[in-house]
Amino acid sequence: MMKTKEEQKRVFQELLVPELPALFRTALRMTRNREDAEDLVQEAVTKAFAAFDRFEEGTNFRAWIFKILTNTFINNYYRLRDRQKAPSLEEMEDETSFQPSFEGVTPEEALLNTLTREDILRAIESLPLEFRAVVVLTLVEGFSYKETAEILDIPIGTVMSRLHRGRKLLQKLLWEYSTRKTGMEKENEKGWTAKTL
Amino acid sequence: MDCKDLVEKLYFYLDGEVLSEEERRAIEEHLALCRKCCERYEFERLLWDMVRHNGQNDHVPEALIARIESVIAQF
Chain L
1 MMKTKEEQKR VFQELLVPEL PALFRTALRM TRNREDAEDL VQEAVTKAFA
51 AFDRFEEGTN FRAWIFKILT NTFINNYYRL RDRQKAPSLE EMEDETSFQP
101 SFEGVTPEEA LLNTLTREDI LRAIESLPLE FRAVVVLTLV EGFSYKETAE
151 ILDIPIGTVM SRLHRGRKLL QKLLWEYSTR KTGMEKENEK GWTAKTL
Chain D
1 MDCKDLVEKL YFYLDGEVLS EEERRAIEEH LALCRKCCER YEFERLLWDM
51 VRHNGQNDHV PEALIARIES VIAQF
């Protein structure tokens with residue numbers, strides 16, 4: 001039986017409200033700008049309600065609305081300037097990687113101890129969009145590989161390969177931030193410099 | 001399962017992606033016996049927990065909630 005507009009609104013709101021924090025932070029990671037993130041969420045919510053009569057109750061609302069959000073982002077917000085800002089993949093995947101070493105502490109411990117929330121967000125937001133989207137949806141929002149494939153409309157194999165490369169890029173950036181910090185501390189303390197790139 | 005197999009399956013395991021019961025048990029047995037893989041697993045687990053935890057820590061601005069409520073009211 002057809003729902004009245006008011007009933008539709010009520011059901012929509014009940015499903016939407018718990019997802020707002022995740023939608024907002026995902027919009028923030030995508031747009032890298034609070035104002036655009038708010039506009040993006042508002043636009044996605046408007047589109048979602050307009051399409052809500054085609055949403056099958058009992059199916060995955062979270063994946064459905066994330067799909068609308070990511071499509072809206074790609075269509076309306078991912079402008080040329082954003083593409084230009086992102087470093088090239090070749091730059092990011094430059095394999096002259098390094099193995100930092102700090103006396104008495106394993107490099108892994110140093111990494112985990114020195115990373116801040118700002119480092120983590122900066123690293124995520126530095127990833128090229130195709131990797132950022134997969135990393136945010138799976139590693140931050142906890143969508144399965146299959147759900148992520150459906151949200152982004154890409155094959156599951158592509159999700160897995162982008163996630164693998166996204167993780168590698170993210171780790172590389174986090175190692176760089178950590179080494180820069182730990183290197184500086186050591187330098188101040190003992191005139192010792194950590195190995196850098 | 002050897003260390004190479006473990007590296008291949010580690011992220012599936014960490015991400016809670018479907019593995020067979022047999023594969024999951026083989027990973028857990030290997031982690032219990034191999035110190036190197038166990039250390040790698042612990043590091044990866046802590047690192048990606050940090051990424052998730054910090055990535056989820058944004059508050060929705062009150063102004064956005066008000067905007068959304070007003071948009072819904074106008075539908």
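As they're listed, the protein sequences go chains L and D.
Note that full-length UniProt numbering has the first sequence beginning at 1, numbered continuously upward.
Note that full-length UniProt numbering has the second sequence beginning at 1, numbered continuously upward.
Note that CB positions come from ideal geometry on N, CA and C, so glycine has one too.
In chain B, what lies closer than 9 Å to D/Leu19 by C-beta?
The structure shown has no chain B; the protein chains it does contain are L and D.
Assuming the contact rule is C-beta atoms closer than 8 Å, D/Leu14 and D/Glu39 should be a hit. Round their C-beta distance to whole Å, please.
No, D/Leu14 and D/Glu39 are not in contact; Cβ-Cβ is about 14 Å, not under 8 Å.
What is the rounded straight-line gap between the Cα of L/Gln8 and the Cα of L/Ala63?
Going by C-alpha positions, L/Gln8 is about 19 Å away from L/Ala63.
9 Å Cβ cutoff, D/Arg67 in contact with chain L
At least one chain L Cβ lies under 9 Å of D/Arg67.
Just the chain L side, please: which residues come within less than 9 Å of D/Val71 by C-beta, in chain order?
Gln42, Val45, Thr46, Phe49
Counting beta carbon pairs with one atom in the region 47 to 60 of chain D and one in the region 23 to 40 of chain L, are three or more of them shorter than 8 Å?
The region 23 to 40 of chain L vs the region 47 to 60 of chain D: in contact.
Would you mind reading off the limits of the alpha helix (DSSP H) that contains D/Leu23?
At residue 23 of chain D the sequence reads Glu, which differs from the Leu that was named. Counting along the chain, the unbroken alpha helix (DSSP H) around D/Glu23 starts and ends at 21 to 33.
Could you give the C-beta distance for D/Glu23 and D/Lys9, rounded to a whole number, given that I count them as a contact under 8 Å?
6 Å
Own chain partners of L/Asn76 with C-beta closer than 8 Å, once the 5 adjacent residues on each side are dropped:
Leu40, Glu43, listed in sequence order.
Could you pull the start and end residues of the alpha helix (DSSP H) that L/Leu20 belongs to?
20 to 31
Name the residue from L/Phe61, L/Lys168, L/Lys3 whose alpha carbon lies nearest to the alpha carbon of L/Leu139.
L/Lys168
With contact counted as at least three CB pairs below 8 Å, one residue from each stretch, are the region 148 to 165 of chain L and the region 116 to 124 of chain L in contact?
no
Residue 199 of chain L at chain D interface by Cβ criterion, 9 Å
A question about residue 199 of chain L goes unanswered here, because the residues of chain L that appear run from 1 up to 197.
Measure the CB-CB distance between L/Val136 and L/Arg29 and report whether it falls below 9 Å.
yes
Figure out for me which residue from D/Glu69, D/Ala32, D/Ile27, D/Ser70 has the closest Cα to the Cα of D/Tyr11.
Relative to the Cα of D/Tyr11, the nearest Cα in the group D/Glu69, D/Ala32, D/Ile27, D/Ser70 belongs to D/Ile27.
Distance between beta carbons of L/Leu127 and L/Leu170, contact taken as under 8 Å:
7 Å
Under 7 Å Cβ to Cβ from L/Pro155, same chain only, skipping five residues before and after it: list those, please.
Counting only Cβ-Cβ distances below 7 Å, and skipping sequence neighbours, we find Ala149.
Inter-residue Cα distance where the pair is D/Lys4 and L/Met160:
18 Å
Taking Cβ-Cβ distances below 8 Å as the criterion, which residues of the region 44 to 64 of chain D are in contact with chain L?
If the cut-off is 8 Å between Cβ atoms, the region 44 to 64 of chain D has Leu46, Leu47, Trp48, Met50, Val51, Arg52, Asn54, Gly55, Gln56, Asn57, Asp58, His59, Val60, Pro61, Ala63, Leu64 near chain L.
Could you have a look at L/Val105 and say whether DSSP puts it in helix, strand or coil?
If DSSP states are grouped into helix, strand and coil, L/Val105 belongs with the strands.
Given that L/Asn73 touches chain D, what residues does it touch there, using C-beta distances under 7 Å?
The residue you asked about is not Asn; residue 73 of chain L is Phe in the sequence shown. Ordered by position in chain D, no residue passes the 7 Å Cβ test against L/Phe73, which lies about 16 Å from the chain.
Partner residues on chain D for L/Ser144, Cβ-Cβ distance less than 9 Å:
Think of a sphere of 9 Å around the beta carbon of L/Ser144: the chain D residues whose beta carbon falls inside it are Asp15, Gly16, Glu17, Val18, in chain order.
At the level of alpha carbons, what is the spacing between D/Leu47 and L/Thr59?
Cα to Cα, D/Leu47 sits roughly 32 Å from L/Thr59.
Residue nearest to D/Ala73 in terms of C-alpha spacing, selected from L/Leu111, L/Asp119, L/Thr46:
Of the listed residues, the one whose Cα sits closest to D/Ala73 is L/Thr46.
Mind checking whether L/Arg132 and L/Gly166 have CB atoms under 9 Å apart?
Yes, they are a contact pair.
What span of residues does the alpha helix (DSSP H) with D/Gln56 cover, start to end?
D/Gln56 -> no alpha helix (DSSP H), and no H or E assigned at all.
Mind checking whether L/Glu38 and D/Ala32 have CB atoms under 9 Å apart?
no
Proximity below 9 Å, CB of L/Gly142 to CB of D/Arg52:
yes
Separation of L/Pro21 from L/Tyr78, as counted between CA atoms:
21 Å
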